[in-house]
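The structure appears right after this line, and notes come after that.
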Amino acid sequence: MCAMNALPAGLTVRSPHPDDAEPILGLVHAYTTAVIGFADYTLDDMRDELSRPGFDLARDAWLVLDAAGAPVGYATANGKSGSDQVDVDVVSADPAVADWLFTRVLDRAREIGRAGGHEEVTVDQGVYRDDTALRARVAALGFAAATTFHRMRIDHVGAVPPPAPVPGLVLRQGVREDVRRVAHEVWNASFDGHFGFVPKPYGQWHAELEARSTFDWPGLWLAELDGRPAGFLAWTDQFADEKCGYVGHLGVVPEARGRGVAKHLLGHAFHLDAAAGRVGTILHVDSNNPTPALTLYESVGMRPVLVIDVWRVRVA
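Take 1 as the starting number for the sequence shown in the UniProt record's numbering and just add one per residue.
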């Protein structure tokens, strides 16, 4: 892997701070608008990113500034619960800055891996399908396309009725601690084996959800089928800028699949979003999902509106 080891003349780098949210957002907006035609990120998203639990701004993030102090590059490296997986994100329209930042995040990924006892680490970078420049850059660094996430959307016109009852199915809202703990167990069980998934202990899972400005516990729903935990839905307001609700996570445990639990949870989200005056519901789905999730979402009227590929490399 070959990348520049020095920043171009006139540029400086430092760790970002929470009060950098607005200028960094300006950089991100300029980048994404040039690539996909719209911002696709909000100030709430940026503030949440810079303040999430366990994220060390001093070690895991870089902000590159021009001579006037304006951001021209931003990057992060995020470990996953001591595993050998690290998510990275590099944002810069300047190829030299992007190369320099990739050197930093890959070095940091190695450090994170070693801290967890791993001699090698798997590094993932999300890339919009339309971002030809970034695709070429990560390919040159040895990354390969590993999976594809589709952003799905359904539009609501007027009221949406609640889903038809499923015999034996009961939904419980996550306003109580005991419901949250069971939902966490279902979350770990339902996503086991999915791309990039690493289980989290309850305390970490709870703290991360609690810290999100777009999430509140009434948006967590636990599904019980015949008295046993079967699935869950985590709803957020992440796409308020599009006046849409967002299904951040939806999972069903293996033994309950094929019995209408996921479809019912989706219908429940659609009903609540429409009742609240939202014009649609959005979610993301892995095209290589071991369950037929993409087919399910299309069957209930959702359509793909954006494609994001995950590029992956194994480094030592």
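Note that CB positions come from ideal geometry on N, CA and C, so glycine has one too.
All figures in this text were calculated on a predicted structure; none of them were measured in a lab.
The straight-line gap separating the alpha-carbon atoms of residue 275 and residue 162 is approximately 10 Å.
The C-beta separation of residue 124 from residue 312 comes to about 5 Å, placing the pair in contact by the 8 Å criterion. In the displayed model, residue 46 falls within a helix according to three-state DSSP. Here residue 301 is actually not in contact with residue 112; their C-beta atoms are around 41 Å apart, not less than 8 Å.
Residue 247: member of the beta strand (DSSP E) spanning 244-252, first to last residue. Here the region 239-247 makes contact with the region 278-290; the two share three or more CB pairs at distances below 8 Å. Annotation: residue 119 to residue 272 spans about 47 Å, alpha carbon to alpha carbon.
Between residue 267 and the set 221, 304 and 228, the nearest pair of CA atoms involves 221. Closest option to residue 166, judged by alpha-carbon separation, among 46, 263 and 289: 263. The DSSP assignment places complete beta strand (DSSP E) segments of no fewer than 3 residues inside the UniProt domain "N-acetyltransferase" (177-316) at 220-225, 228-236, 244-252, 280-286 and 303-315, in order along the chain. Sequence-distant partners of residue 36 (beyond 5 residues in either direction) whose C-beta falls short of 6 Å from its own C-beta, in its chain, are 128 and 130. Inside the region 58-125, DSSP marks whole beta strand (DSSP E) runs of 3 or more residues at positions 61-65, 71-79 and 85-91, from first to last along the chain. Taking residue 253 as reference, the option from 245, 226, 230 and 132 with the minimal CA-CA separation is 230. Counting along the chain, residue 52 sits inside no alpha helix (DSSP H), nor does DSSP assign it H or E at all.
Sequence-distant partners of residue 146 (beyond 5 residues in either direction) whose C-beta falls short of 6 Å from its own C-beta, in its chain, are 310 and 312.
C-alpha of residue 174 to C-alpha of residue 94: approximately 44 Å in a straight line.
Put simply, the region 189-198 does not touch the region 211-226. Fewer than three CB pairs are less than 8 Å apart. Here the alpha carbons of residue 303 and residue 297 stand approximately 8 Å from one another. One thing to note: residue 269 has its Cβ within 8 Å of the Cβ of residue 233. Judged by DSSP in its simplified three-state form, residue 29 adopts helix.
Residue 137 sits in a helix when the DSSP states are folded into three classes. Per the C-alpha coordinates, the member of 83, 99 and 102 positioned closest to residue 114 is 83.
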